[in-house]
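Participant: Numbered by our numbering, the letters in the sequence shown go through residues 224 to 476 in order. Even for Gly, the Cβ is constructed at its ideal location relative to N, Cα and C. Got a structure here, written out as structure tokens. Questions coming.
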Amino acid sequence: MGAATLGVIPAVSAKTETPSGGASFPTKDYDWTKHQWGFGVDATKCIGCLRCVEACKTENEVPRNAHQFRTWVERYVYLEGEKAVRIDSQQDPVNIQASGSEKEFRFANRYKDAKVEKAFFVPKLCNHCAHPACVQVCPVGATYKTEDGVVLIDHDYCIGCRYCVQACPYGARYFDEEKGVSDKCTWCYHRITKGLEPACVEVCPVGARVFGDQKDKQSPISLFIRNNRVQVLRPESGNAPNVFYVGIDKEVN
Numbered sequence: 224m225g226a227a228t229l230g231v232i233p234a235v236s237a238k239t240e241t242p243s244g245g246a247s248f249p250t251k252d253y254d255w256t257k258h259q260w261g262f263g264v265d266a267t268k269c270i271g272c273l274r275c276v277e278a279c280k281t282e283n284e285v286p287r288n289a290h291q292f293r294t295w296v297e298r299y300v301y302l303e304g305e306k307a308v309r310i311d312s313q314q315d316p317v318n319i320q321a322s323g324s325e326k327e328f329r330f331a332n333r334y335k336d337a338k339v340e341k342a343f344f345v346p347k348l349c350n351h352c353a354h355p356a357c358v359q360v361c362p363v364g365a366t367y368k369t370e371d372g373v374v375l376i377d378h379d380y381c382i383g384c385r386y387c388v389q390a391c392p393y394g395a396r397y398f399d400e401e402k403g404v405s406d407k408c409t410w411c412y413h414r415i416t417k418g419l420e421p422a423c424v425e426v427c428p429v430g431a432r433v434f435g436d437q438k439d440k441q442s443p444i445s446l447f448i449r450n451n452r453v454q455v456l457r458p459e460s461g462n463a464p465n466v467f468y469v470g471i472d473k474e475v476n
């Protein structure tokens, strides 16, 4: 990946996390008490290019199949004469194209002959909640919340019970059959503790994804929250998510 920086953390030299997950601990040069990370999504900007999905799979060595994602994008479409919204994502078979031995994820133009009244894309990922249900149900403490606000999984302790997968109200976790552990988005913890942006944020061509330190009042995420009427997904769950949205309809959850 490139070298876009958050501009608020001195770079550290050692690796803080294995790309595929593993135990994730800051180095001695990183003070996690000084940061409180947050994420923003502007759905009015997202164009559904799925560069974020590709970047995440590459950066974090996520299997290139249709059912294992750390981040994904959903498409919401309102057709003329229909009351219900149509929802699909890059996980749908029609949106997956073969590309050699790999799989290419893209949104098929299935509505080209329909009268579309409104359509928009919604990126999704782990919400790194303040009161995460996944942490509460883990029987061995493999899922934990760091002092800087990130929810991580220690794969050395994960026993593959999948309680966390079931408990997440956002469907943000998956079970890695090959490794026998649960996995999810880490906000690229191995990058942000070095002063870099998450891979998905760095590659977004339209700035639909925003990341930063909520303790820094001038950080991108602080300005995003302050200057917009933000929403969170499933507030009734009591998880207190830390991914903030702009431009989504009530059907998005």
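(1) Can you give me the C-alpha to C-alpha distance between Q313 and F330, rounded to a whole angstrom?
(2) Hey, how far is the Cα of H378 from the Cα of V404?
(3) Can you tell me whether A431 is helix, strand or coil according to DSSP?
(4) Pick out whichever of V475, I444, A390 and A307 has its Cα sitting closest to the Cα of N465.
(5) Between which residues of its own chain and A337 is the CB-CB distance below 6 Å, once the five residues before and five after are set aside?
(6) Give me the residue from A289, P355, V373 and V433 with the minimum Cα distance to C408.
(7) Looking at E282 and A431, is the spacing between their C-beta atoms short of 8 Å?
(8) Among D371, I471 and C269, which residue has its Cα nearest to the Cα of Y412?
(9) Only counting runs of 3 or more residues, tell me where the beta strand (DSSP E) segments fall wholly within the stretch 333–388, in order along the chain.
(10) With 16 as the cutoff for other CB atoms within 10 Å, does V429 come out buried or exposed?
(11) Per DSSP, what kind of secondary structure is A246 in: helix, strand or coil?
(12) Considering only the beta carbon of each residue, do G461 and H351 sit closer than 8 Å?
(13) By the DSSP assignment, the beta strand (DSSP E) with F447 in it spans what residues?
(14) When we look at the beta-carbon of I382 and count the other beta-carbons within 10 Å, is it buried (16 or more) or exposed?
(15) Roughly how many whole angstroms lie between the Cα atoms of N451 and K347?
(16) Check V453 in the structure and name its three-state DSSP category.
(17) For I415, which three-state DSSP category applies?
(18) Using three-state DSSP, classify K268 as helix, strand or coil.
(19) Nearest CA to the CA of V358: which residue from Q259, E327 and A390?
(20) Under the assumption that C269 contacts F328 (Cβ atoms under 8 Å), give the Cβ distance between them as a whole number of angstroms.
(21) Measure the alpha-carbon distance for V433 versus C427 and round it to whole angstroms.
(22) Residues in the same chain with beta-carbon distance under 7 Å from G304, minus the five sequence neighbours each way, listed in chain order, please.
(23) V426 by DSSP, collapsed to three states: which one?
(24) Based on the DSSP secondary-structure assignment, which residues constitute the bridge partners of K407?
Facilitator: Walking through what the data contain:
(1) Position 90 of the sequence shown, counted from the start, is the residue given in the question as residue 313. Position 107 of the sequence shown, counted from the start, is the residue given in the question as residue 330. Rounded to the nearest angstrom, the gap between the Cα atoms of Q313 and F330 is 6 Å.
(2) Position 155 of the sequence shown, counted from the start, is the residue given in the question as residue 378. Position 181 of the sequence shown, counted from the start, is the residue given in the question as residue 404. If I take the Cα positions, the gap works out to 6 Å.
(3) Along the sequence shown, one-based indexing puts residue 431 at 208. The three-state secondary structure of A431, taken from DSSP, is coil.
(4) Residue 465 sits at position 242 when you count from the first residue of the sequence shown. Of the listed residues, the one whose Cα sits closest to N465 is I444.
(5) One-based indexing of the sequence shown puts residue 337 at position 114. L302.
(6) Along the sequence shown, read from residue 1 onward, the residue named residue 408 stands at position 185. Here the closest residue by C-alpha is V373.
(7) Along the sequence shown, read from residue 1 onward, the residue named residue 431 stands at position 208. Along the sequence shown, read from residue 1 onward, the residue named residue 282 stands at position 59. In this structure, the beta-carbon distance from A431 to E282 does not fall below 8 Å.
(8) Here the question's residue 412 lines up with position 189 in the sequence shown. That would be D371, whose Cα lies nearest to the Cα of Y412.
(9) Taken in chain order, the complete beta strand (DSSP E) segments of 3 or more residues contained in the stretch 333–388 are 339–348, 366–368 and 374–376.
(10) By one-based count along the sequence shown, residue 429 stands at place 206. Exposed.
(11) In the sequence shown, counting from the first residue as 1, residue 246 sits at position 23. Confidence in A246 is poor, its pLDDT being 44 and thus under 50, which makes the residue's placement unreliable; the coordinate value appears in the next sentence. It is coil, neither helix nor strand.
(12) By 1-based counting over the sequence shown, the position of residue 461 is 238. By 1-based counting over the sequence shown, the position of residue 351 is 128. Between G461 and H351, the C-beta spacing is not below 8 Å.
(13) Residue numbering aside, residue 447 sits at position 224 when the sequence shown is read from its first letter. The continuous stretches of beta strand (DSSP E) do not include F447, which lies in the alpha helix (DSSP H) extending over residues P443 to N450.
(14) In the sequence shown, the residue the question calls residue 382 occupies position 159. Exposed.
(15) Along the sequence shown, read from residue 1 onward, the residue named residue 451 stands at position 228. Along the sequence shown, read from residue 1 onward, the residue named residue 347 stands at position 124. N451 and K347 have their alpha carbons spaced roughly 19 Å apart.
(16) For the purposes of this step, residue 453 is taken as the residue at position 230 of the sequence shown. Reduced to three states, the DSSP call for V453 is coil.
(17) The sequence position of residue 415 within the sequence shown is 192, counting from 1. Here DSSP, grouped into helix, strand and coil, assigns I415 to helix.
(18) By 1-based counting over the sequence shown, the position of residue 268 is 45. Coil.
(19) As a first step, residue 358 is located in the sequence shown; it is residue number 135 there, counting from the start. Checked all of Q259, E327 and A390; the closest Cα to V358 is A390.
(20) As a first step, residue 269 is located in the sequence shown; it is residue number 46 there, counting from the start. As a first step, residue 328 is located in the sequence shown; it is residue number 105 there, counting from the start. Rounded, the Cβ-Cβ distance is 14 Å, inconsistent with contact.
(21) In the sequence shown, counting from the first residue as 1, residue 433 sits at position 210. In the sequence shown, counting from the first residue as 1, residue 427 sits at position 204. Cα atoms of V433 and C427: separation of roughly 10 Å, rounded to the nearest angstrom.
(22) Walking along the sequence shown from the start, residue 304 turns up at place 81. The answer is none, since no qualifying residue turns up.
(23) Along the sequence shown, read from residue 1 onward, the residue named residue 426 stands at position 203. In the structure shown, V426 sits in a helix (DSSP, three-state: H, G or I).
(24) In the sequence shown, counting from the first residue as 1, residue 407 sits at position 184. DSSP output for K407 lists R396 as bridge partner(s).
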